[in-house]
Amino acid sequence: MTPNLKWKALFILAVILFCIYFLVGYPTFPTSVATIKDNFAHQIKLGLDLQGGTHLILQVQVQEAIAQETDQAVDRLTTAMRAKNITYDEVRRADDTHIVIRNVDANQVGAFRDLYSAQFSNAWDMNPTAGEQNGYTWTLRPSAIAQMQSTTMSQSLETIERRINALGLTEPTIQFHGRNDNEILVQLPGEGDPTAAKKVIAETGQLQLKLVEDPSVYTSEADALQKHGGVLPAGSELVQGRDQNRPGSGAPAGEAWYILSRSAIITGRDLRSATPNRSTNNPGQYQINFTLSPDAARTFGPFTASHIGQQMAIVLEKQVQSAPVINGRIDDTGEITGNFNQDSAQNLALVLRSGALPASIKYLEERTVGPSLGADSIRHGVQASVLSLLVVMIFMLVYYRLSGANAVVALILNLIILLAALAMFGAVLTLPGIAGVILTIGMGVDSNVLVFERIREELRNGKSAASAVQAGFDKAFLTIIDTHVTTVVSAFFLFLFGTGPIKGFAITLTIGLIANVFTAIYVSKTIFQYHLAKMDRQAELSI
């Protein structure tokens, strides 16, 4: 054996040993068959269709985010007009995309238009209100709505992904779904009971700190409206919550309604951290301590200093959790109290840390794939792979004899490298992925057939065995590379535009093709060279 051939053989052996070790010898060194099986199961991660689990399709209520943006625009406009001493009768939200401004002082219309041009013209169109003097209607532009929808969906996807990952679930799939602009696909392999995940996903995490406009706590929505003549104060809203006075009085807790400022002083986006802790005032219960970002603290400090003695409501998921009195200036820390146990406090802290969803979530579809169905898919997929491999091996051995054995060795090594690469990259094996494995076997056979027929052609032209092998591999090389590159490009586009299972097929096929170039050309050629080195130079190849 020449030194060059020896180093080639050692390199191939090293690749084989590394792949086998990574498949069955990691992370625990195998000391028994059971350990080998456990290592293999740990390294090869199965998708939802093979392992079983939960399939969810979520719909993000993007219209809520648009309505919230309109509310914030009303608040900014009101504040700016007061700062410039522009008098008016009313500024209110007409619907999710329209704002009505009534009776602006005729002498200040110019200042009002300047304010619009400077701060709001990039997203809002302004037109005079029909039949009303010095009245204006602002309309949110379609481009601004589209931008909000896109931002809302991106934030929702990122937030849901952070929440699911924080739960420690194995290889979840979270991505946009379908042609609709407001749907998200969530797949949780191995999660047969998705109750905890669904609860964490659905919670919007919309923490808001709002000023209490009316210190009275009302027993119903009708009661609150009746006490105010059927019309709430301007810039306020009714929010349901827990009556903080009833538990202390021993009376049973019931409905409680608060009149709060429509605009929030602080939101969940202003949080820097949130941690669950045991309640210092209520033994056995938990509270969530939070810290604000520096920018939020600069706003919150002066606000609390100017409203000492008033109540501030802590609103979570559109429900008032508590309404403590502001006793002094608060800069960057606070706490959320309520009837929390350890699990609910941890989940709430997780939701707040991962960020608030910009809009609520609705479940459109929920499907659970049982482990037995996944086991059937694995069994049928493995049977198809083994059967195709056996048929190919028999054909190669019958038609090409000893050279066929060379191809069989290359195919087996191809599968070992493919599985090891899937394990190293943390890729998920799905049912379409198994189809990719079967297709890889076919591509591997095709490569070997190209090389063998080229060698036969060279032998018929009278070349020696060594020259025929060299020429056969050289002439087939470009054809093999060409077919593999075009297939990899196709797989790339499948991965780019496909959904979860299709991406699994593309990944498996790409890895298999790259491994096939190594085995069909480098390994197979080395085996031929080793075989020729041990034979008499005048002997005919068994081909």
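Here the sequence shown is numbered in our numbering, starting from 555 and rising by one per residue. Virtual Cβ for every residue (Gly too), placed ideally from N, Cα, C.
Worksheet item: In the DSSP assignment, what residue or residues form a beta bridge with L870?
Response: Here residue 870 refers to the residue found at position 316 of the sequence shown. Answer by DSSP bridge pairing, in chain order: L761 and Q873.
Practice prompt. Output the residue ranges of the alpha helix (DSSP H) runs that lie fully inside the stretch 650 to 693 and measure 4 residues or longer, sorted by chain position.
Written response: 663 to 673
Item to complete: Pull up the CB-CB distance for I820 and A850, whole angstroms please, since I reckon it's below 8 Å.
Response: Along the sequence shown, one-based indexing puts residue 820 at 266. Along the sequence shown, one-based indexing puts residue 850 at 296. Yes, they are in contact, since the Cβ atoms of I820 and A850 sit about 6 Å apart, within 8 Å.
Worksheet entry | Nearest to P682 (by Cα), restricted to the options N676, Y690 and S675 | Indexing the sequence shown from 1 puts residue 682 at position 128. Residue Y690 is the option with its Cα nearest to P682.
Discussion item. If you measure between the beta carbons of I915 and L739, is that distance less than 8 Å?
Written reply: Residue numbering aside, residue 915 sits at position 361 when the sequence shown is read from its first letter. Residue numbering aside, residue 739 sits at position 185 when the sequence shown is read from its first letter. Contact flag unset, no.
Item to complete: Starting from E737, trace the beta strand (DSSP E) both ways and give me its first and last residue.
Response: Walking along the sequence shown from the start, residue 737 turns up at place 183. Note, E737: beta strand (DSSP E), E737 to P743.
Worksheet entry | Three-pair Cβ contact test at 8 Å for the stretch 954 to 961 versus the stretch 576 to 587 | no
Worksheet item: Between the stretch 988 to 995 and the stretch 1062 to 1074, do three or more beta carbon pairs fall short of 8 Å?
Response: yes
Fill in: Top-ranked residue by Cα proximity to K752, from V785, R717, K781 and L786
Counted from its first residue, the sequence shown places residue 752 at position 198. Cα-wise, what sits closest to K752 is R717.
Discussion item. Measuring straight from C-alpha to C-alpha, what distance separates G855 and D824?
Written reply: Stepping through the sequence shown from its first residue, residue 855 is reached at position 301. Stepping through the sequence shown from its first residue, residue 824 is reached at position 270. So the two alpha carbons sit approximately 13 Å from each other.
Worksheet item: Quick one: complete beta strand (DSSP E) runs, 3+ long, within the stretch 922 to 989?
Response: none
Worksheet item: Buried or exposed: V1039, going by 16 or more other Cβ atoms within 10 Å of its Cβ?
Response: Taking the sequence shown and counting its residues from 1, the one referred to as residue 1039 is at position 485. Under this definition V1039 is an exposed residue.
Item to complete: Answer yes or no: do V616 and Q701 have a C-beta to C-beta separation smaller than 8 Å?
Response: Position 62 of the sequence shown, counted from the first residue, corresponds to residue 616. Position 147 of the sequence shown, counted from the first residue, corresponds to residue 701. For V616 and Q701, no; Cβs fall outside 8 Å.
Item to complete: Reducing DSSP to helix, strand and coil, say where V785 ends up.
Response: In the sequence shown, counting from the first residue as 1, residue 785 sits at position 231. Coil at V785, not helix or strand.
Practice prompt. Within its chain, find whatever has a CB closer than 7 Å to the CB of R832; leave out the 5 residues flanking it on each side and keep chain order.
Written response: The residue given as residue 832 occupies position 278 in the sequence shown. Cβ within range, chain order: Y840.
Practice prompt. Could you tell me the boundaries of the beta strand (DSSP E) in which T727 lies?
Written response: On the sequence shown, position 173 is the one that residue 727 refers to. Segment T727 to F730, the beta strand (DSSP E) holding T727.
Fill in: Span of the alpha helix (DSSP H), counted from its first residue to its last, around G1026
Looking up residue 1026 in the sequence shown gives position 472. Residues A1019 to F1051.
Worksheet entry | Range covered by the beta strand (DSSP E) that runs through H527 | The structure shown has nothing for residue 527, since the chain only spans 555 to 1097.
Worksheet item: Under the three-state reduction of DSSP, which class applies to S774: helix, strand or coil?
Response: Numbered from 1 along the sequence shown, position 220 holds the residue referred to as residue 774. Correct three-state label for S774: coil.
Discussion item. For Y917 and S710, I'd like the C-alpha separation in whole angstroms.
Written reply: Stepping through the sequence shown from its first residue, residue 917 is reached at position 363. Stepping through the sequence shown from its first residue, residue 710 is reached at position 156. Spanning the two alpha carbons is a distance of roughly 14 Å.
Item to complete: May I ask you to report which of helix, strand or coil DSSP gives Y642?
Response: Along the sequence shown, one-based indexing puts residue 642 at 88. Correct three-state label for Y642: coil.
Discussion item. Quick check: the Cα distance between F1049 and L1063, rounded to an integer number of angstroms?
Written reply: Counting from one through the sequence shown, the residue named residue 1049 turns up at place 495. Counting from one through the sequence shown, the residue named residue 1063 turns up at place 509. Taking the straight line joining both Cα atoms gives about 11 Å.
Practice prompt. Could you tell me which of Y1084, L983 and A1030 sits nearest to K1057, measuring between CA atoms?
Written response: Taking the sequence shown and counting its residues from 1, one reaches residue 1057 at position 503. The candidate whose alpha carbon is nearest that of K1057 is L983.
Fill in: Environment of H731 [buried if 16+ CB atoms lie within 10 Å]
As a working note, residue 731 is residue 177 in the sequence shown. When all chains shown are included, H731 counts as buried.
Worksheet item: M652 to F1047, Cα distance in whole Å?
Response: Taking the first residue of the sequence shown as 1, we reach residue 652 at position 98. Taking the first residue of the sequence shown as 1, we reach residue 1047 at position 493. Looking at the sequence itself, residue 652 is His, so the reference to Met does not match. For H652 and F1047, the distance between alpha carbons rounds to 42 Å.
Fill in: Check whether V614 and V628 have beta carbons under 8 Å apart
Along the sequence shown, one-based indexing puts residue 614 at 60. Along the sequence shown, one-based indexing puts residue 628 at 74. Contact flag unset, no.
Practice prompt. List the DSSP bridge partners of F844.
Written response: Position 290 of the sequence shown, counting from 1, holds the residue named residue 844. Beta-bridge pairing links F844 to A828 and G888.
Worksheet item: In this structure, does DSSP put H609 in helix, strand or coil?
Response: Counted from its first residue, the sequence shown places residue 609 at position 55. DSSP places H609 in strand when its eight states are reduced to three.
Worksheet item: Secondary structure at Q615, three-state DSSP: helix, strand or coil?
Response: To locate residue 615, count along the sequence shown from 1; it is residue 61. It is coil, neither helix nor strand.
Worksheet item: For the candidate residues A665, R933, I699 and V658, whose alpha-carbon lies nearest to that of W678?
Response: Within the sequence shown, the letter at position 124 stands for residue 678. The option with the nearest alpha carbon to W678 is I699.
Fill in: Nearest neighbour of V658, chosen from M635, S671, L951 and R647 [CA to CA]
The sequence position of residue 658 within the sequence shown is 104, counting from 1. Nearest option by C-alpha distance: M635.
Worksheet entry | Burial state of A648 (16 or more Cβ within 10 Å) | Taking the sequence shown and counting its residues from 1, one reaches residue 648 at position 94. Exposed is the call here.
Worksheet item: Quick one: is the Cβ of N639 within less than 7 Å of any heavy atom of the ligand NAP?
Response: With respect to small molecules bound, the structure shown includes none, and the ligand NAP cannot be examined in it.
Discussion item. Quick check on the DSSP output: the alpha helix (DSSP H) that includes I598 runs from which residue to which?
Written reply: The residue labelled residue 598 in the question sits at position 44 within the sequence shown. Unbroken run through I598: none, as it is neither H nor E.
Item to complete: Consider the Cβ of T1080: report whether some Cβ of chain B lies at a distance smaller than 8 Å.
Response: No chain B is part of this structure, which consists of one protein chain only.
Item to complete: State the CB to CB distance for the pair A1022 and I1009, rounded to an integer number of angstroms; the pair is presumed to be in contact (CB under 8 Å).
Response: In the sequence shown, residue 1022 corresponds to position 468, counting from 1. In the sequence shown, residue 1009 corresponds to position 455, counting from 1. Right, their Cβ atoms sit about 5 Å apart.
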